[in-house]
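Participant: Take the sequence shown: its position 376, counting from 1, is numbered 376 in the UniProt record's numbering, and each next residue is one higher. Where a beta carbon is used, it is the ideal one built from N, C-alpha and C, also for glycine. Just so it is clear, the structure is predicted and the values come from calculations on it, not from any experiment.
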Amino acid sequence: MYSPDLESFSEMIEQAGLVPLHRTIVADLDTPLTIFAKVAEREKHAFLFESMEGGEKWGRYSFIGLDPLLSFSSIGDAVTLRRAGSQATAEDEGGEPDVKIEEIRESVNPFQELRDLLASFNASTAPGLPRFYGGAVGFLGYDMIRFIEEIPDQHAPLDFPDSSFIVPRLVLIHDSVDQTLTVVCNVVPGKGADASDTFDTTALYQDGCRRIDKIIELIRSPLPTSLAAHAAGCPPHTFTSNMDEATYAGMVEQAKEYILSGDIIQVVLSQRFHTETTMDPFLLYRSLRHINPSPYLFYLRLDDIILIGSSPEILVRLEDDEIELRPIAGTRKRGATPQEDKELEEELLADPKERAEHLMLVDLGRNDVGRVAAGGSVTTGDLLIVEQYSHVMHIVSGVHGKLAEGKDQFDVLEACFPAGTVSGASKIRAMQVIDELEPARRGPYAGAVGYFGFSGNMDFCITIRTFVMKGNDLWIQAGAGIVSDSVPEKEFEETVNKAQGLRRAVELAEQGL
């Protein structure tokens, strides 16, 4: 059964510009991985979002998206928009419908461009659907901060976008509790978000139903044989850094001078690792989610850019006007036994340096949330608790607030971007130091991956523990928080160790899982 029915659909699409038509089926024999492999692995634009809660159980909802109504990317102040062809005339067979470049133009603020584009869809509400059923999905690179704050820009642009998003026509919502799959077709009249054309509501409804049925047909088909071929693995990879240990140590010493002079309290300095590969990216995602299950697991393919990540840390979430962020700072390895876990947890919480650094970031988070929250609504819950993951445990706290009147999801993102845990404190000055000391732009690293929903909800994680792939190039980036008593050799080792977790995923994929 499709929801809404034709009569309700006709009323809704006359009043709005987009209607989420959907159908739910039993999916007790399917997983998000198998569903994605069947319907989206070969798509040029597609995503898979999964979640492992506390490193021990899968989150309830996983999201898959494909067939973009609109794609958006920005490099500096140049914005590129591509819109899908008319919904009723898109090709019945083959991958995505043809797209045309709608516009390439300069923009004073790509954030505002994306906000206006999302609003132009004028989406209907969708009672009964989960927190996300459609919207703009993608990534914001760290360097987008220059459209929010005055940060120097002394490095040449990288060979990929500063930001990239799609607005998927098709969104699949896998419910691991109810063992169901909801297929959503976001139906728009006319072309893309342009609702000015006349349209036949019955034809639009039938076209949406047909697209949903086609997806369900694919889900009920066998897994593609290409997955077996991917399992053959590939030769070993060697990663090289964009700096040697002496260069990194020099950055640390310069940062400590700024700290000792009172210019900053902390700064996060990173290095980037690169290799060339012919590895199948979806195989790498499968390997990463197996080795390092995390609250934010994502496979994000945006044309020739692919982000594959297992981020443990939320940047910021807005759901039903409730703002949440959860700073993570302070880490220990997991113990071999429950008793050893308990001892390590007590040791972590008793470490004055770990506590001080964590509380500093909690204060920074409170300040960020306070910029967009109603007066007196900012609270700190779950202060200094330890969350256990598959290989490590972290100190975590929760910061909450009620969205202020006149503010929206984009305001929330801008207020909290980037996270203090990947920049430093005070945040703006720390980012100025990063631009001075690091030898290149950061690109996607330390930015954000997630969505701005039609519903007004949003959810973004910090882009850490993430592979960036373009063609045969594969990058990893990792940083360490520098404070007054940091030892350069140990900070360098920390960045190498963080990257090693991702390298293990590469090694497993090399063996073919």
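Go through the stretch 286–330 residue by residue and report every complete run of the alpha helix (DSSP H) that reaches 4 residues or more, in order.
Facilitator: Listed in chain order, nothing qualifies, since the stretch 286–330 has no complete alpha helix (DSSP H) run of 4 or more residues.
Participant: Give the DSSP bridge partners of S164, in chain order.
Facilitator: Walking along the sequence shown from the start, residue 164 turns up at place 164. Looking at the DSSP assignment, S164 forms a beta bridge with S73 and F139.
Participant: In three-state DSSP terms, what is A156?
Facilitator: Translated into the one-based positions of the sequence shown, residue 156 becomes position 156. In this structure, A156 counts as coil in the three-state DSSP scheme.
Participant: Can you confirm whether L66, when its beta carbon is compared against all beta carbons of chain C, has any partner nearer than 9 angstroms?
Facilitator: No chain C is present in this structure, which holds just one protein chain.
Participant: If you follow the beta strand (DSSP E) that L384 is part of, which residue opens it and which one closes it?
Facilitator: As a first step, residue 384 must be located in the sequence shown, where it is residue number 384. Element bounds for L384: T379 to Q388.
Participant: On the DSSP letters alone, give me the boundaries of the beta strand (DSSP E) that P235 sits inside.
Facilitator: To locate residue 235, count along the sequence shown from 1; it is residue 235. Taken as a continuous stretch (DSSP letters only), P235 belongs to no beta strand (DSSP E), as it is neither H nor E.
Participant: State the Cα-Cα distance for the pair Q271 and V184, rounded to the nearest angstrom.
Facilitator: Position 271 of the sequence shown, counting from 1, holds the residue named residue 271. Position 184 of the sequence shown, counting from 1, holds the residue named residue 184. One C-alpha to the other measures close to 41 angstroms.
Participant: As an exercise, report each continuous beta strand (DSSP E) stretch of at least 3 residues that is fully enclosed by the stretch 347–382, in chain order.
Facilitator: Within the stretch 347–382, no complete beta strand (DSSP E) run reaches 3 residues.
Participant: Among the candidates E245, P281, K214 and V137, whose CA atom is the shortest distance from the CA of N472?
Facilitator: Within the sequence shown, numbered from 1, the residue matching residue 472 stands at position 472. Nearest of E245, P281, K214 and V137 to N472, Cα basis: P281.
Participant: Drop a sphere of 10 angstroms on the beta-carbon of M251, count the other beta-carbons inside from all chains shown, and report buried for 16 or more, exposed for fewer.
Facilitator: Start at 1 with the first residue of the sequence shown, and residue 251 comes out as number 251. The residue is buried, with at least 16 neighbouring Cβ atoms inside 10 Å.
Participant: Alpha carbon to alpha carbon, what distance is there between P236 and A509?
Facilitator: Within the sequence shown, numbered from 1, the residue matching residue 509 stands at position 509. Within the sequence shown, numbered from 1, the residue matching residue 236 stands at position 236. Roughly 10 angstroms between the two C-alpha positions.
Participant: When the Cβ atoms of the stretch 395–410 are set against those of the stretch 367–378, are three or more pairs found closer than 8 angstroms?
Facilitator: Touching, yes.
Participant: Could you pull the DSSP bridge partners for C185 from this structure?
Facilitator: For the purposes of this step, residue 185 is taken as the residue at position 185 of the sequence shown. BP columns for C185 point to L21 and L170.
Participant: By the DSSP assignment, the beta strand (DSSP E) with K470 in it spans what residues?
Facilitator: As a position in the sequence shown, residue 470 is number 470, starting the count at 1. First-last of the beta strand (DSSP E) with K470: T466 to K470.
Participant: Taking DSSP as the reference, what is the three-state secondary structure of Y205?
Facilitator: Indexing the sequence shown from 1 puts residue 205 at position 205. Helix at Y205.
Participant: Shortest alpha-carbon distance to H155 belongs to which of R220, A430, G443 and F452?
Facilitator: Here residue 155 is taken as the residue at index 155 of the sequence shown, counted from 1. Ranking the options by Cα distance to H155, first place goes to G443.
Participant: State yes or no: is the C-beta of R355 within less than 9 angstroms of the C-beta of L344?
Facilitator: Sequence index remark: in the sequence shown, residue 355 carries index 355 (1-based). Sequence index remark: in the sequence shown, residue 344 carries index 344 (1-based). No, Cβ-Cβ distance for R355 and L344 is not below 9 angstroms.
Participant: Between S51 and the rest of its own chain, which residues show a CB-CB distance below 6 angstroms, the 5 nearest in sequence each way excluded?
Facilitator: Here the question's residue 51 lines up with position 51 in the sequence shown. Once the five neighbours on either side are set aside, the close Cβ partners of S51 are G59 and P295.
Participant: For the alpha helix (DSSP H) that L259 lies in, which residues bound it at each end?
Facilitator: Position 259 of the sequence shown holds residue 259. The identity of residue 259 in the sequence shown is Ile, whereas the question assumes Leu. Segment E245 to L260, the alpha helix (DSSP H) holding I259.
Participant: Under the three-state reduction of DSSP, which class applies to residue 516: helix, strand or coil?
Facilitator: Any answer about residue 516 is impossible in this case: the structure gives the chain only from 1 up to 513.
Participant: If you drop the 5 nearest sequence neighbours on each side, which residues of the same chain put their C-beta closer than 6 angstroms to that of A505?
Facilitator: Position 505 of the sequence shown holds residue 505. Taken in chain order, the residues that qualify are S287, L288 and I291.
Participant: So, I462 versus T421, is the Cβ gap smaller than 9 angstroms?
Facilitator: Translated into positions along the sequence shown, residue 462 becomes position 462. Translated into positions along the sequence shown, residue 421 becomes position 421. Cβ distance < 9 angstroms, so I462 and T421 count as in contact.
Participant: Counting pairs of Cβ atoms below 8 angstroms between the stretch 434–442 and the stretch 114–133, do you hit three or more?
Facilitator: Cβ pair count under 8 angstroms is below three, so no.
Participant: Alpha carbons only, please: which of A136, A255 and F36 is nearest the one belonging to L69?
Facilitator: Translated into the one-based positions of the sequence shown, residue 69 becomes position 69. Cα-wise, what sits closest to L69 is A136.
Participant: According to DSSP, is S8 part of a helix, a strand, or is it coil?
Facilitator: Counting from one through the sequence shown, the residue named residue 8 turns up at place 8. Reduced to three states, the DSSP call for S8 is helix.
Participant: Per DSSP, which residues does I462 bridge with? Please list them.
Facilitator: As a first step, residue 462 is located in the sequence shown; it is residue number 462 there, counting from the start. According to DSSP, which records beta bridges pairwise, I462 is partnered with A448.
Participant: Can you check DSSP and say which residues form a bridge with I482?
Facilitator: Residue mapping note: residue 482 aligns to position 482 of the sequence shown, counting from 1. V267, per the DSSP bridge assignment.
Participant: Expressed to the nearest angstrom, what Euclidean distance is found between the alpha-carbon atoms of C234 and E276?
Facilitator: Taking the first residue of the sequence shown as position 1, residue 234 is located at position 234. Taking the first residue of the sequence shown as position 1, residue 276 is located at position 276. C-alpha separation (whole angstroms): 12 angstroms.
Participant: Whose C-beta lies closer than 7 angstroms to the C-beta of I75 among residues of the same chain, with five residues either side of it excluded?
Facilitator: Here residue 75 corresponds to residue number 75 of the sequence shown, with the count starting at 1. Cβ neighbours of I75 beyond the five flanking positions: P157, P161 and D162.
Participant: Look up T34 in the DSSP assignment and say whether it is helix, strand or coil.
Facilitator: Sequence index remark: in the sequence shown, residue 34 carries index 34 (1-based). T34 falls in the helix class under three-state DSSP.
Participant: Hey, could you find the ends of the beta strand (DSSP E) L48 is sitting in?
Facilitator: Along the sequence shown, read from residue 1 onward, the residue named residue 48 stands at position 48. Taken as a continuous stretch (DSSP letters only), the beta strand (DSSP E) holding L48 covers H45 to E50.
Participant: Decide if the stretch 352–366 is in contact with the stretch 296–315; the criterion is three or more beta carbon pairs, one per stretch, under 8 angstroms apart.
Facilitator: Counting Cβ pairs under 8 angstroms, fewer than three are found: no touch.
Participant: Rounded to whole angstroms, what is the Cα-Cα separation between Y425 and Y258?
Facilitator: The residue you call residue 425 lines up with position 425 of the sequence shown. The residue you call residue 258 lines up with position 258 of the sequence shown. First, the residue type needs correcting, since residue 425 is Ala and not Tyr in the sequence shown. A425 and Y258: Cα-Cα distance of roughly 12 angstroms.
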